[in-house]
Each structure stands twice: as C-alpha cells, then as structure tokens.
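Notes follow once the structure below has been shown.
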Amino acid sequence: MTHGNGFTHRRMINSEDLHRAIVIKLEYMKYDIVIIGGNPAGGAAASSAKMLHKDKTVLVIRKEEQSLIPCGIPYTFGTLHSVEDNIKSIEPAKNMGIDFLIDEVSAIDSNQKRLHLKSNRFVSYDKLIIATGSTPFIPPIKGIHLEGVVTIRKELEYIQALQSKLNKGKEIVVIGAGFIGVEMSDELVKLGANITLIEAMDSILPLAFDNDMISPAIDVLAKHGVTIRTDTMVDKILGKEGKLSGVQLQSGEVIKADNVILAIGYQPMFLWQKKEEFKLEFMVVLSPMNTLEHL
Numbered sequence: 070m071t072h073g074n075g076f077t078h079r080r081m082i083n084s085e086d087l088h089r090a091i092v093i094k095l096e097y098m099k100y101d102i103v104i105i106g107g108n109p110a111g112g113a114a115a116s117s118a119k120m121l122h123k124d125k126t127v128l129v130i131r132k133e134e135q136s137l138i139p140c141g142i143p144y145t146f147g148t149l150h151s152v153e154d155n156i157k158s159i160e161p162a163k164n165m166g167i168d169f170l171i172d173e174v175s176a177i178d179s180n181q182k183r184l185h186l187k188s189n190r191f192v193s194y195d196k197l198i199i200a201t202g203s204t205p206f207i208p209p210i211k212g213i214h215l216e217g218v219v220t221i222r223k224e225l226e227y228i229q230a231l232q233s234k235l236n237k238g239k240e241i242v243v244i245g246a247g248f249i250g251v252e253m254s255d256e257l258v259k260l261g262a263n264i265t266l267i268e269a270m271d272s273i274l275p276l277a278f279d280n281d282m283i284s285p286a287i288d289v290l291a292k293h294g295v296t297i298r299t300d301t302m303v304d305k306i307l308g309k310e311g312k313l314s315g316v317q318l319q320s321g322e323v324i325k326a327d328n329v330i331l332a333i334g335y336q337p338m339f340l341w342q343k344k345e346e347f348k349l350e351f352m353v354v355l356s357p358m359n360t361l362e363h364l
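Each residue of the sequence shown is one higher than the one before, counting from 70 in our numbering.
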C-alpha cells in the first residue's frame, strides 16, 4: 500500500511469525539418500553416494555437532594434546554438497519411507542407510556399575569428562587386551599410572595377529611398565558404598584399582524396531575373517 508521501507500507514480520515459518519449512524435509549416523561408515557412505550420484540430495543425521575419529580415541589420553585434536571436520563433506542435521531419529516408518526426529520434525527419503555404529559390550560381571568402572564410548563430551577422571587414577585395571585395551594401557602408563592389563585368552591382541607380530607389542608394553596378565579371568569387581576398590580374579587374587576400564569389545548399536521389521534391500556385514558378505 502506497501513502501520499510516496512511501510504501509493508507489514512488519515479528519474530514469532519468522520462527513459525522456519519451523514449518523444516518440519518436513525430503532427501534422495539419508544416512543415520555420522561415524566413519556413515561418512564414507555419504561421500560415496554423492560422488556416484551427484544429482542426488544427501543428508546425514547425527546427534553430535562434532564427532571423534574412533581409532584415535585412546591417543587423546596421552599422545595427542587434547580431545579436540581428534575431531573429524565435516567441512569437506559439506563442500561436496552433503547436508548435515544435528538431531536424533526416534522412529522409522519404512512403509512411508519417513523418519520421525526427536525434535518432532520429519524427513522422508528414497534410500535409507543406517550407520549407527557400535557401543561397548558390557560383560556380566558383578560390580560393573560401581563408580570408577568405565567404558570407552565414541562420544566427545563423554571422553572429555573421562579424561579428567582417569588422570586422577593411580591404579588402573584394563579388562580386555584387544586394540582398545592395549592402546589405552600404553597411553595411560605414559601418564604415570600403574596399569594391569587382563586378558582371558592366552595372549594380547588374540584375534588380530599371530604370535610373531604380538611379541614386539608385548615387549613395548612391558618396557613402558604395563603389567600383562593373560589366561586370566575376572570373577567380580569389588567396592564399598558404591565406589570401586579393586578387581577379584577367579583365582581369588585381588588387584587394587582406582579405575577399571572395560575393553571387552563392541556390539552393533540399533536403536529402533527389530531388524526383521525392516524391508532391507541390501546389507554389508563382516565375517570373522573380515571378508565382506552381501546379504
């Protein structure tokens, strides 16, 4: 509307209207390819999809603004100066045209090809890739819920908090001598802690290497001061008034501990319905020998 003074009157949009418009715009989103999970597998899937199908829209949904490089996590406790040195940037992916949404998926409707997000928004898709990663396996050992018993989760804030806790511990027992257990032991012993590494099988890294490759690793750990106990089973974790005090072996021996790190391994993390309820077109799994199988 134009007034006699020559000025055109425009209705001012208040902040509530603008917020409502933004919410409406974001409430329903449509992408050709959606990846749930911003871990290495999810990132690789997004990059590959965009490189092979440049005309397709690709969205990665993950719950953290910043994510860690999983294989580098143990080194943030010693070799690296901080957790921040192990953060994977998403800028290269953004430059490829991949979109990122910081949110969590609360439900998957495979019939409608639609995701319900925790923020109460919806994302529809043509193809969905679930790459939610893994979570530490918690063994059925008495006392694992005591204060001071921890796992190595792949979350930035968790690892930041864990660093300050473990830095205070002088006697640390690591249960499990796979990659995480061995690397954590080597990093923490460098900080001055007394480390006991316990493995139920007859050697460290038992599922990864042959003996000729394992021997040098044992020598390095021993040189750094790590006490290695193979062929050893943990009976229970001891504590008083909810606080950790030590680890009791099946032999009856008790090892004093300020902290216990559970490094038994990881298991797939699937947060929604049972797999059988999904219409899976393609799945890639690793066999025990790390060879690819297509299901």
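C-beta atoms are modelled at their ideal positions from N, C-alpha and C, and glycine is treated no differently.
The model shown is predicted, which means the values in this text are computed figures rather than measured ones.
Residue closest to residue i, alpha-carbon to alpha-carbon, out of the options
{"i": "I159", "options": "Q181, I167 and E153", "result": "I167"}
{"i": "K99", "options": "G212, A110, E310 and Y194", "result": "Y194"}
{"i": "S136", "options": "E224, K125, G261 and Y97", "result": "E224"}
{"i": "S272", "options": "L290, K157, Y97 and F339", "result": "L290"}
With 16 other Cβ atoms within 10 Å as the buried cut-off, status of residue i
{"i": "I91", "result": "In this prediction, I91 scores a pLDDT of 48, lower than 50, which makes its location untrustworthy; the coordinate-derived value is nonetheless stated afterwards. I91 is exposed by the Cβ-count criterion."}
{"i": "E268", "result": "buried"}
{"i": "E226", "result": "exposed"}
{"i": "I93", "result": "Low confidence applies to I93: its pLDDT is 47, below 50, so where it sits in the model is not reliable, and the reading given next is rough at best. I93 comes out exposed."}
{"i": "A176", "result": "exposed"}
{"i": "N359", "result": "Low confidence applies here, because N359 scores a pLDDT of 48, under 50, leaving its location unreliable; read the following figure in that light. Looking at its Cβ environment, which holds fewer than 16 other Cβ atoms inside 10 Å, N359 is exposed."}
{"i": "M302", "result": "exposed"}
Residue interval of the beta strand (DSSP E) (run including residue i)
{"i": "Q336", "result": "Y335 to P337"}
{"i": "P205", "result": "S203 to P205"}
{"i": "E240", "result": "E240 to I244"}
{"i": "H98", "result": "Checking the displayed sequence, the identity of residue 98 turns out to be Met instead of His. Counting along the chain, the beta strand (DSSP E) containing M98 begins and ends at Y97 to I105."}
{"i": "K196", "result": "F191 to I199"}
{"i": "K211", "result": "Per DSSP, K211 belongs to no beta strand (DSSP E) and is neither H nor E."}
{"i": "I324", "result": "V323 to K325"}
Opening and closing residue of the alpha helix (DSSP H) in which residue i lies
{"i": "N328", "result": "Run containing N328: none in the alpha helix (DSSP H); it sits in the beta strand (DSSP E), N328 to L331."}
{"i": "Y227", "result": "L225 to K237"}
{"i": "S179", "result": "No alpha helix (DSSP H) holds S179; DSSP gives it neither H nor E."}
Test item: CB-CB of residue i and residue j under 8 Å
{"i": "R222", "j": "P205", "result": "yes"}
{"i": "G247", "j": "L331", "result": "no"}
{"i": "I264", "j": "T296", "result": "yes"}
{"i": "L231", "j": "V192", "result": "no"}
{"i": "P187", "j": "E173", "result": "Per the sequence presented here, residue 187 reads as Lys, with Pro not at that position. Against a cut-off of 8 Å, the Cβ pair of E173 and K187 comes out as a contact."}
{"i": "G111", "j": "I102", "result": "no"}
{"i": "G250", "j": "L313", "result": "no"}
{"i": "I210", "j": "K305", "result": "yes"}
{"i": "G238", "j": "N328", "result": "yes"}
{"i": "G334", "j": "L215", "result": "no"}
{"i": "L274", "j": "F146", "result": "no"}
> Which runs of the beta strand (DSSP E), 3 residues or longer, sit entirely within the segment 250-319?
Replying inline: 263-267, 296-298, 303-309 and 312-318
>> Extract the residue ranges of the alpha helix (DSSP H) inside the segment 103-148, only unbroken runs of 4 or more that lie entirely within it.
In response: 109-121
> Where in the segment 148-177 do unbroken runs of the beta strand (DSSP E), each at least 3 residues long, occur, reported from the N-terminal end onward?
Replying inline: 168-171
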